[in-house]
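Taken in order, these protein sequences are the chains called E and U.
For what it's worth, the working numbering labels the leading residue of the first sequence as 1, then goes sequentially.
For what it's worth, the working numbering labels the leading residue of the second sequence as 213, then goes sequentially.
Cβ atoms here follow ideal geometry from the backbone N, Cα and C, with glycine treated the same way.
First comes the structure, then the notes that go with it.
Number of protein chains: 2
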Amino acid sequence: MSAAKIGRRGLLLVLSSPSGAGKTTLTRMLIERDPNISISVSATTRAPRASEVDGRDYLFVSAARFEEMVAKRELLEHASVFGNRYGTPRGPVEQALKSGRDVVSDIDWQGTQQLAERVRQDLVSVFILPPSMAVLESRLKRRAQDTDEVVHQRMAKSADEMSHWPEYDYVIVNHDLDESLGHVQAILTAERHRRERLVGLAAFVNRLRAGG
Amino acid sequence: MSAAKIGRRGLLLVLSSPSGAGKTTLTRMLIERDPNISISVSATTRAPRASEVDGRDYLFVSAARFEEMVAKRELLEHASVFGNRYGTPRGPVEQALKSGRDVVSDIDWQGTQQLAERVRQDLVSVFILPPSMAVLESRLKRRAQDTDEVVHQRMAKSADEMSHWPEYDYVIVNHDLDESLGHVQAILTAERHRRERLVGLAAFVNRLRAGG
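Next up, the structure:
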């Protein structure tokens, strides 16, 4: 009997961070390296950009369909950003968790609060912090040709977002992407061995104790 | 500011397993590879063996001194085994945890139950299982020239001990020592990033938000 055969419930990993702290890069690196984790594709009412593929980048839906999803509790969390609606479809996440596959989502603290109520036992939440505001500023400046004013608005928003670290299970200060990825992977490995997730363990130990 | 400078409280890692499942080997491998974790040295009333060093292998104490340690609550847990007393001294563990160093102990489920009451927040408990009774039997036979009867008594005792897996935070099925060591190390890395242990984090985030 191999360890892989002990039935395990999947987990929902949430990586949140103030913008510029690295959650999007870390999420991408993680799914590239780990075959058992896939990204949760959000539903949105905003129009697709030229490069975006429906079902891969987002599930593009009408405002009416989005309202229906909310009413029918088909979303685990949802929010409005600049007049557009975003949400996490419940079905694909529940299907993955039931079959022992993990899901990662890079939503913000507001979405995480909603998830925490709905998938409590399955949720593993990680908050990523920048090592300093100077590093955050240089990352925000590097990735966009924004005016100084826009960068400063983002810095102020980031400082606000940071105040939500106490709502997360784990906190990582992102000095170095590879090091931080290693920490996220260790969290995944550890959480996959949490007793509550190993739903096949009682049966396994009973077989062992019976001499198996 | 480096991650190492964020104040962290140490943790007490307990590795338990039925005899023959690998906890002692894993504990030794772990402390050889990780400079931030040291083993908890037990106090005992039994006589030292020729190869044993006082203070390294055990703290050898008289029965009267052991009673005094119990009475003065100087032990985090204690037990009697074949007429000898064994216990975990509180002082060295508390000192290590306060200064952000981790401690590992390979006590059994009875000791873990006592620890759980006394160091709840600091305790990380891992239960190691053999992949099968056949593997357990061959490990028990390999390491000692015991009679078949003694081996079978140990197997029965092991089967009893296995029933305590639901009292642990994590469970690892030990198919392969290196793989299992990797899992234990991942658990350590993850637990070192748990929000509750990062006692310096509030101050760090406050400095960040103030523009640091």
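Chain E beta carbons: is any one of them nearer than 8 Å to that of residue i?
{"i": "U:Ile384", "result": "yes"}
{"i": "U:Trp321", "result": "no"}
{"i": "U:Ser350", "result": "no"}
{"i": "U:Ile218", "result": "yes"}
{"i": "U:Gly234", "result": "no"}
{"i": "U:Ser263", "result": "no"}
{"i": "U:Met281", "result": "no"}
{"i": "U:Thr324", "result": "no"}
{"i": "U:Leu335", "result": "no"}
Tell me whether residue i sits in a helix, a strand or coil according to DSSP, three-state version.
{"i": "E:Gly87", "result": "strand"}
{"i": "U:Ala276", "result": "helix"}
{"i": "U:Thr257", "result": "coil"}
{"i": "E:Ile107", "result": "coil"}
{"i": "U:Ile249", "result": "strand"}
{"i": "U:Thr236", "result": "helix"}
{"i": "U:Asp269", "result": "coil"}
{"i": "U:Glu289", "result": "strand"}
{"i": "E:Leu115", "result": "helix"}
{"i": "U:Ile197", "result": "Because chain U here runs from 213 to 424, residue 197 of chain U falls outside it and cannot be looked at."}
{"i": "U:Leu223", "result": "coil"}
When the cut-off is 8 Å and only beta carbons count, does residue i lie next to chain U?
{"i": "E:Ser62", "result": "no"}
{"i": "E:Ala79", "result": "no"}
{"i": "E:Asp271", "result": "Nothing can be reported for residue 271 of chain E, as the shown portion of chain E is limited to 1 through 212."}
{"i": "E:Gly212", "result": "yes"}
{"i": "E:Arg154", "result": "no"}
{"i": "E:Ser132", "result": "yes"}
{"i": "E:Leu198", "result": "yes"}
{"i": "E:Ala203", "result": "no"}
{"i": "E:Leu13", "result": "no"}
{"i": "E:Asp148", "result": "no"}
{"i": "E:Ile187", "result": "yes"}
Should residue i be listed as close to the ligand COA, given that the test is whether its C-beta is under 7 Å from any heavy atom?
{"i": "U:Gly412", "result": "The model on display carries no ligand, and the ligand COA is accordingly not part of it."}
Handout entry: Continuous beta strand (DSSP E) assignments of at least 3 residues falling wholly in the stretch 350 to 416 of chain U
Key = 382 to 385
Exercise for the section: Examine the Cβ distances between the stretch 22 to 35 of chain E and the stretch 173 to 181 of chain E and report whether three or more of them are shorter than 8 Å. Expected result: yes
Exercise for the section: Spell out a yes or no on whether the stretch 49 to 58 of chain E and the stretch 95 to 114 of chain E are touching, meaning 3 or more CB-CB pairs, one atom from each, closer than 8 Å. Expected result: no
Handout entry: Interface residues of the stretch 227 to 258 of chain U facing chain E [CB-CB below 7 Å]
Key = none
Problem - the stretch 354 to 371 of chain U / the stretch 241 to 252 of chain U touching (three or more Cβ pairs under 8 Å) - result: no
Problem - Positions along the stretch 290 to 309 of chain U whose CB lies within less than 7 Å of some CB in chain E - result: none
Handout entry: Segment contact, 8 Å Cβ cut-off, at least three pairs: the stretch 410 to 421 of chain U with the stretch 160 to 174 of chain E
Key = Yes, they touch.
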